[in-house]
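Working notes for the structure below.
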Amino acid sequence: MDAARDVGLFGPDSVTWKLHAEPILLIGGIRSLYLQALHPRAVAAVAQNSQYRSDPWGRLNRTSLYVGTVVYGSTAEVEAAGARLRRLHARMSAVDPSTGERFRVDEPDLLRWVHVAEVESFLTTARRAGVSLTAEEVDRYYTEQLRAAAIVGLDPATVPATASEVADYYADMRPHLGLTRDSAETALFLTVPPVPDNWGSRALRLSLTLGPARWAYLGIAGTALGLLPPWARQMYGGPGWRTTDVTADLSVRGMRLLLASVLAAMPERYRVPPMRKAALDRAALT
């Protein structure tokens, strides 16, 4: 392939590029973290190896950079990012708090859970926000994401590849999920993240802690929680009511419209993230 035209794993005709052009997927990313935290071993692995408490925004930036690279990077960039992640995971282990057993964080069962929770969260959030996708496109997105699963070290044949397979996978996983101390602490952290000490003056940090920005973020976190499946909300002690689903749908649709309005008012060069712009340039679509 001509390196100048290399569009990586997906490309302009993919459902993946269509879906990830939506800024509302930020909410899907937060939803996926709440969902992933319900797996006792997965959340223990994060709690024991990650610096998310001391450097939450740095970890968020690194995760966003990785996802953006997988979606929009060239083949070489994607392979390099995947290799770095696999090397990092290969060095890590954690202790199961309920059994005392030490386990590797790159166990296929854990990688599969994180993968499925992430891609399902992106897809579900986009659809409930009003992004129009056919049933065929939904299944095609899951199938396309098998390439991303392979990059982290999974055998694609072991990963759910359609909406029906994802639903069956969740049904099989539910008996193994639940609220642990690690998951409760993670959920609290996601809902009320601290303002880093190095973010400007004390007055600025106090404003971010107690001011409008905090309340705006609580609205985002609350919407992400509301978008969880009813059974997942109930594990967190929340209601499984249909009215909660309706409220979350209205909220995420409103956020999508607000984001569209804000982006429309911005200069053109700020409307498309740099990674997507570079990918579109390689595909000769700009």
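Numbered per this note's numbering, the sequence shown spans residues 9 to 294. We put the CB at the ideal spot given by N, CA and C, even for glycine.
Taking C-beta atoms as the reference points, Ala-156 and Leu-288 fail to come closer than 8 Å. Cβ-Cβ separation between Val-122 and Ala-50: approximately 6 Å, consistent with a contact (criterion under 8 Å). Around the beta-carbon of His-184, fewer than 16 other beta-carbon atoms lie within 10 Å, marking it exposed.
Distance from the CA atom of Glu-193 to the CA atom of Ile-38, rounded to whole angstroms, is 15 Å. When DSSP reads this structure, Ser-22 sits in no beta bridge, so it has no partner. By the Cβ rule, the segment 21-31 does not count as touching the segment 97-114, because fewer than three pairs are nearer than 8 Å.
Per the C-alpha coordinates, the member of Thr-71, Arg-70, Pro-164, Ala-125 positioned closest to Ala-240 is Ala-125. Within the segment 97-132, complete beta strand (DSSP E) segments of at least 3 residues are found at 101-103, 110-112, given in chain order. Pairing Leu-162 with Leu-119 gives a Cβ-Cβ distance under 8 Å. Within the same chain, and ignoring the five residues on either side of Ala-134 in sequence, the residues whose Cβ sits closer than 8 Å to its Cβ are Leu-27, Glu-30, Ile-32, Leu-33, Gly-36, Leu-141.
The shortest C-alpha to C-alpha distance from Asp-257 to any of Gln-242, Leu-235, Tyr-278, Leu-271 is the one to Leu-235. At the C-beta level, Ala-45 and Ala-195 come within 8 Å of one another.
Within its own chain, the residues whose Cβ lies closer than 6 Å to the Cβ of Thr-188, once the five positions on either side in sequence are excluded, are Pro-48, listed in chain order. With a threshold of 16 other beta carbon atoms within 10 Å, Gly-245 falls short and is exposed.
Around the beta carbon of Ala-52, a 10 Å sphere encloses 16 or more other beta carbons of the protein chains shown; the residue is thus reported as buried. For Met-274, the three-state secondary structure derived from DSSP is coil.
With 16 or more other Cβ atoms inside 10 Å of its own Cβ, Gln-153 counts as buried. The closest CA to that of Thr-252, considering only Arg-290, Pro-238, Val-127, is found on Pro-238.
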